[in-house]
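Quick note: the sequence shown uses this note's numbering, first residue 1, plus one each step.
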Amino acid sequence: MLDQSQNRMWARYFAFLAVSMLIIVINLYLGSLWAPNPPGGPPANVSQLEETHSGETEGKKESVSAEKTTGSSEKPSVSAIQQEKETVKTEKSHLPEPPVRYVTLGSLDPESPYRMLVTLSSRGAAVSRLELNSPKYCDTEARGGYLGELFFEPPLDKGPLQVDVVGPGTPAALAGLRAGDVLLSIDDKPVEGILGFRQIMDKTRPGQTVSLTIRRGDKQLTLEARLRRTPMAIIRREEGGPYSFEMTLAALGKERLVDVRSRFEERMQETNDPLQKEVLYLQWLHSELPDIHLKSENWYLLPDGADPTKPETWTAESDNNGVVPRESVRFAQWLPDKNLVIVKRYELARVSPGKRDDHDDPSYHFTLGITVINVGQSATSVAYEVDGPNGLPTEGAWYARKMSNSWSAVGLRDVAVRVGNNGIKLVACPAIARDRWGAPWKDTEKQLITALGVDAQYFSVILLPQREQPSDIWFADARPIRIGAVEPNYEYLTNVSCRLQSVPVELKPGDRLSHTFKVFAGPKRSDLLAHYELGGLIQYGWFWFVADPMTRLLHIFHDYLVFNYGLAIILLTVVVRLLMFPISRKQALNAQKMQELQPEIKKIQEKYKDLQERNRATQELFRQHNYNPFSGCLVLFIQLPIFIGLYKALAIDVELRQAPLISESIRWCSNLAAPDMLFDWSFLWPEWFNRGHGMFGLGPYFNILPVLTIALFLWQQKRMMPPPADEQAAVQQKVMNFMMIFMGILFYKVPSGLCLYFIASSLWGMAEREILLKTVKKPDKTRKAKRDWKNTWQKIQSAIPDWLKALVKAADKRYAEKMPRERQRPPAKRTRV
Numbered sequence: 001m002l003d004q005s006q007n008r009m010w011a012r013y014f015a016f017l018a019v020s021m022l023i024i025v026i027n028l029y030l031g032s033l034w035a036p037n038p039p040g041g042p043p044a045n046v047s048q049l050e051e052t053h054s055g056e057t058e059g060k061k062e063s064v065s066a067e068k069t070t071g072s073s074e075k076p077s078v079s080a081i082q083q084e085k086e087t088v089k090t091e092k093s094h095l096p097e098p099p100v101r102y103v104t105l106g107s108l109d110p111e112s113p114y115r116m117l118v119t120l121s122s123r124g125a126a127v128s129r130l131e132l133n134s135p136k137y138c139d140t141e142a143r144g145g146y147l148g149e150l151f152f153e154p155p156l157d158k159g160p161l162q163v164d165v166v167g168p169g170t171p172a173a174l175a176g177l178r179a180g181d182v183l184l185s186i187d188d189k190p191v192e193g194i195l196g197f198r199q200i201m202d203k204t205r206p207g208q209t210v211s212l213t214i215r216r217g218d219k220q221l222t223l224e225a226r227l228r229r230t231p232m233a234i235i236r237r238e239e240g241g242p243y244s245f246e247m248t249l250a251a252l253g254k255e256r257l258v259d260v261r262s263r264f265e266e267r268m269q270e271t272n273d274p275l276q277k278e279v280l281y282l283q284w285l286h287s288e289l290p291d292i293h294l295k296s297e298n299w300y301l302l303p304d305g306a307d308p309t310k311p312e313t314w315t316a317e318s319d320n321n322g323v324v325p326r327e328s329v330r331f332a333q334w335l336p337d338k339n340l341v342i343v344k345r346y347e348l349a350r351v352s353p354g355k356r357d358d359h360d361d362p363s364y365h366f367t368l369g370i371t372v373i374n375v376g377q378s379a380t381s382v383a384y385e386v387d388g389p390n391g392l393p394t395e396g397a398w399y400a401r402k403m404s405n406s407w408s409a410v411g412l413r414d415v416a417v418r419v420g421n422n423g424i425k426l427v428a429c430p431a432i433a434r435d436r437w438g439a440p441w442k443d444t445e446k447q448l449i450t451a452l453g454v455d456a457q458y459f460s461v462i463l464l465p466q467r468e469q470p471s472d473i474w475f476a477d478a479r480p481i482r483i484g485a486v487e488p489n490y491e492y493l494t495n496v497s498c499r500l501q502s503v504p505v506e507l508k509p510g511d512r513l514s515h516t517f518k519v520f521a522g523p524k525r526s527d528l529l530a531h532y533e534l535g536g537l538i539q540y541g542w543f544w545f546v547a548d549p550m551t552r553l554l555h556i557f558h559d560y561l562v563f564n565y566g567l568a569i570i571l572l573t574v575v576v577r578l579l580m581f582p583i584s585r586k587q588a589l590n591a592q593k594m595q596e597l598q599p600e601i602k603k604i605q606e607k608y609k610d611l612q613e614r615n616r617a618t619q620e621l622f623r624q625h626n627y628n629p630f631s632g633c634l635v636l637f638i639q640l641p642i643f644i645g646l647y648k649a650l651a652i653d654v655e656l657r658q659a660p661l662i663s664e665s666i667r668w669c670s671n672l673a674a675p676d677m678l679f680d681w682s683f684l685w686p687e688w689f690n691r692g693h694g695m696f697g698l699g700p701y702f703n704i705l706p707v708l709t710i711a712l713f714l715w716q717q718k719r720m721m722p723p724p725a726d727e728q729a730a731v732q733q734k735v736m737n738f739m740m741i742f743m744g745i746l747f748y749k750v751p752s753g754l755c756l757y758f759i760a761s762s763l764w765g766m767a768e769r770e771i772l773l774k775t776v777k778k779p780d781k782t783r784k785a786k787r788d789w790k791n792t793w794q795k796i797q798s799a800i801p802d803w804l805k806a807l808v809k810a811a812d813k814r815y816a817e818k819m820p821r822e823r824q825r826p827p828a829k830r831t832r833v
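Written as structure tokens, this is what we have:
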């Protein structure tokens, strides 16, 4: 009996498990069948979307007209509010889920009326990539040909790739490639995934014509594309990171995003596991209010003329396949439970007429507009949050160093902020990585946030709030944020951004919260930045009084005389050496005098064994011959500011970036602001060496100019320094030679333009010394100075005996008495008759 009851109990237990598993499987199946497409999924079929839109337009119009008729100026009741929510939900359900779409603004054609090509994604209505179209600003690290940024979320498998977007003005667009085409092969080389595509493109060269085999629908086509240099992308989405300018709601009614994130902050403080802490930080970074997914969901792309408050106008917009450049675009998101519509608008600036070749024309910006509309029948409090740009370039990370006016070290990507009338302040990237950047900023009645963004070495992306009234308070919180993971020993490369939270605003039914930003995105040219009141982004630090005029002098030499920055640096060297000629001449004469004094110095060293007496005698010898042993250091002290000024000019001035010594088509010395990079030797060294970590991490390229510079220094030192008089002097010279080699290691990663300056200056110095030694007459050792004749006469007088002196004195007295009296009298005065 007991066994039967146990068997029935186990039977009921297994039946319960079977029914539970069946319910879970059915639930998962139905959920996958009816759930919307994920944000990162493949785009929906355009034809199906058009059919859905055409079939649902009537229902949308009826629902919107019904909403208008039910509106009343009186305070709505609870039932009316509930009915309104049901109406909005029904209206929302008629809208098809927006697919993943990529939209471009501007063009990559340098002759177009735009300065850039901006690619936006419908996911988060954010910027995915921003490229400058001028040939002056290309990617200095990418040497292969460029077809266009065609794939933004490619699959990881090996196979043909479907094109996501084709930007106007790109080689792909000029060849006739369209979004949705499947790329099969390039020059008969099959495309095997995104890695295979990149490997093929790395082996091509700018100006090369390649054959593209594509599949468009059921047809297979062959296109010819002429490649160009890779443009400079000053905004790009890094792997695993978010897009730029994502937004969400910071406050809605009584709900606040700060309260949501406080839970993650408490858990981060409690845990000591670095991995768990990083996971919590990412959750904190991407967190939103409950039931709001503005960052991760796809937004609706609004066609021109569509009313954001009328969903029936949100029809699918026809795509021009990247043929005609677009100047503006609007994205919208409908929150039915919150009775809110959020609109983001991007509009690209045009180049002023006739200013195409003027790179200081203020057309390096686009406008970002954020609008929150209350479409409900009750008032609500709303605040938004918008992130800044991220993914700015870190080109030359193994050698590049960024300058600033602060004492602390900065990274290659720092957050720039300006509060009130103060200057622009840089928050260092390493400080952000360590979470030691200080306190957040906010608008006050006395000081408003007027600029906030990310500053790189040669380019910047800065948000400039466009307030209607200068005293309007917009922001309750502004701070820098870390986007990417922190890599040990490479904190200066961390991907950073900024975040703005607006002040909560009470929106009545039909009211709008609208803020507009002008977003500067361009090179750090002083005259260009002055148009945007961002001149403080160029920071020379110490010796700015030398770096700034030297930079302007280089521009004058390049623009009006030699038209090559390598020759301009040589010409600058000539000017500096000519100005220093009087000091150099004195230095050469002192060196010659030092060689003449070597025998005397050797005698003093042999005569005096005590060090103090020897130094005293040596100083007396130098004083007698008017020789200053420290006069040679004066040239070094004068050249030190010039060296630092030129180094800062090469590290800051964007015009010297990408300036070649010979030609851009030659890898060697193709960028005077970078090392010369004679050949690649990365296969010989470990990763830390190739990444330039530490003093002895020399990088992935062998540089010949620093070696020539140090060799010239050693040769010049050997020719100019006198031979050692004793063993101590010989040891000092060996130490100097060792210091020169050590300095060569420190100089190995300096810009090639700086090495060019030192090579030209050393050759000039050696030639100048040879000429001076031949033209300056050596002093005649047989000729004695006047003071020597005086000393000799005094010695002769002291040698005359006293009796001879008395005899000579008596003879002089007797001779004076015999003189005629007339000669002793003064002449009589004559009277006039």
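Ideal Cβ positions, reconstructed from N, Cα and C, are used throughout, including at glycine. No experiment lies behind these values; they were computed from the predicted model shown.
Express the C-alpha separation of residue j and residue i in angstroms, rounding to a whole number.
i: V496; j: D387; result: 11 Å
i: S296; j: F517; result: 23 Å
i: C755; j: A142; result: 24 Å
i: R256; j: S514; result: 20 Å
i: R585; j: W542; result: 29 Å
i: A44; j: M232; result: Because A44 carries a pLDDT of 35, less than 50, the predicted location of this residue cannot be relied on, and the following value inherits that uncertainty. Those two C-alpha atoms are separated by around 32 Å.
i: Y399; j: P599; result: 48 Å
i: A175; j: L227; result: 10 Å
i: E327; j: S107; result: 9 Å
i: L340; j: L368; result: 19 Å
i: V258; j: P504; result: 13 Å
i: D188; j: L212; result: 8 Å
i: T371; j: K344; result: 7 Å
i: P308; j: R512; result: 12 Å
Could you pull the start and end residues of the beta strand (DSSP E) that residue i belongs to?
i: H515; result: R512 to P523
i: A250; result: M247 to L252
i: M116; result: M116 to S121
i: I473; result: Segment: none, I473 is in no beta strand (DSSP E) and carries neither H nor E.
i: T222; result: K219 to R226
i: A233; result: A233 to R236
i: L130; result: A126 to L132
i: E506; result: V505 to L507
What does residue i pair with, by DSSP beta-bridge criteria?
i: F272; result: One detail in the question is off: residue 272 reads as Asn in this sequence, not Phe. According to DSSP, N272 bridges with nothing at all.
i: E347; result: S328 and T367
i: Q162; result: V182
i: P465; result: F517
i: Q333; result: I342
i: F679; result: F702
i: V103; result: L120
i: L554; result: DSSP, once it has assigned bridges, lists no residue as partnering L554.
i: I481; result: S497
Judging by CA-CA distance, which residue of the options is the nearest neighbour of residue i?
i: Q208; options: V191, P190 and T230; result: T230
i: A383; options: L500, E491 and Q624; result: L500
i: Q592; options: Y627, E613 and T380; result: Y627
i: F440; options: A456, V417, G423 and P430; result: Per the sequence shown, the amino acid found at residue 440 is Pro instead of Phe. The candidate whose alpha carbon is nearest that of P440 is V417.
i: G354; options: D676, P113 and N489; result: P113
i: L493; options: V415, R479 and R512; result: V415
i: A179; options: P168, I186 and D164; result: D164
i: L705; options: I662, F197, E246 and F758; result: F758
i: I745; options: Q716, A711, F696 and G765; result: F696
In the DSSP assignment, the alpha helix (DSSP H) including residue i goes from what residue to what residue?
i: V386; result: Per DSSP, V386 belongs to no alpha helix (DSSP H); it is in the beta strand (DSSP E), T380 to D387.
i: Y565; result: Y565 to L579
i: T775; result: S752 to T775
i: K602; result: Q598 to K607
Is the CB of residue i under 9 Å away from at least one CB in chain B?
i: E278; result: Absent here is chain B; the protein component of the structure consists of one chain.
Every unbroken beta strand (DSSP E) within the region 166-214, with a cutoff of 3 residues, ordered by chain:
Taking only runs of at least 3 residues, the beta strand (DSSP E) segments lying wholly in the region 166-214 are 182-186.
Residue ranges of each alpha helix (DSSP H) within the region 399-464, 4 or longer:
DSSP runs (the alpha helix (DSSP H)) wholly in the region 399-464: 429-433.
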